[in-house]
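According to our numbering, the sequence shown is numbered sequentially starting from 724.
Where a beta carbon is used, it is the ideal one built from N, C-alpha and C, also for glycine.
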Amino acid sequence: MPLYEHVMIARQDLSNTQAEALIEHFGTVLADNDGKLVDSEYWGVKTMAYKINKNRKGHYAFLRSDAPASAVQEMERLMRLHEDVMRVLTIKVDAHAELPSVQMQKRDERDTRRERR
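Okay, structure coming up:
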């Protein structure tokens with residue numbers, strides 16, 4: 724089955740447990756449609772570059788899935804209809820990375836950036 728990565732932004736006035744419950748909910752949506760949620764990361768509340776629906780911050784979540792296209796389409800449809808979800812980005816990937824995402828790595832573990840000029 725194809726591999727996908729999803730980033731979801733939920734409203735800032737949700738609690739952490741409600742935001743994590745959203746991740747579980749959409750994982751069950753994938754499971755009901757013959758897919759599976761491989762991994763999920765809750766990145767926490769982060770400030771956005773611009774306001775979305777009058778919100779300056781949002782709960783960010785990162786999901787890795789192994790699901791058919793129909794299951795991903797159904798999950799995206801339900802995310803768009805859900806009142807707590809502001810934005811969703813889905814990308815098809817060739818393979819999932821084994822390490823945690825860059826957002827979850829400590830600054831010391833990341834690759835060094837090139838020096839400023």
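Residue environment, residue i, which counts as buried when at least 16 other CB atoms sit within 10 Å
i	result
residue 816	exposed
residue 744	exposed
residue 792	exposed
Cβ pair residue i, residue j closer than 8 angstroms
i	j	result
residue 746	residue 765	yes
residue 787	residue 819	yes
residue 801	residue 752	yes
residue 763	residue 784	yes
residue 778	residue 826	no
Straight-line Cα distance separating residue j from residue i
i	j	result
residue 737	residue 775	15 angstroms
residue 760	residue 781	22 angstroms
residue 789	residue 725	6 angstroms
residue 756	residue 769	31 angstroms
residue 824	residue 773	23 angstroms
residue 731	residue 797	15 angstroms
residue 821	residue 754	22 angstroms
residue 806	residue 741	13 angstroms
residue 758	residue 729	14 angstroms
residue 739	residue 809	16 angstroms
residue 733	residue 771	12 angstroms
residue 767	residue 804	22 angstroms
Spatially closest choice to residue i from the options, by CA coordinates
i	options	result
residue 750	814, 799 and 804	799
Pick out the complete alpha helix (DSSP H) segments inside the segment 768 to 819, 4 residues or longer, and give them in chain order. 792 to 804
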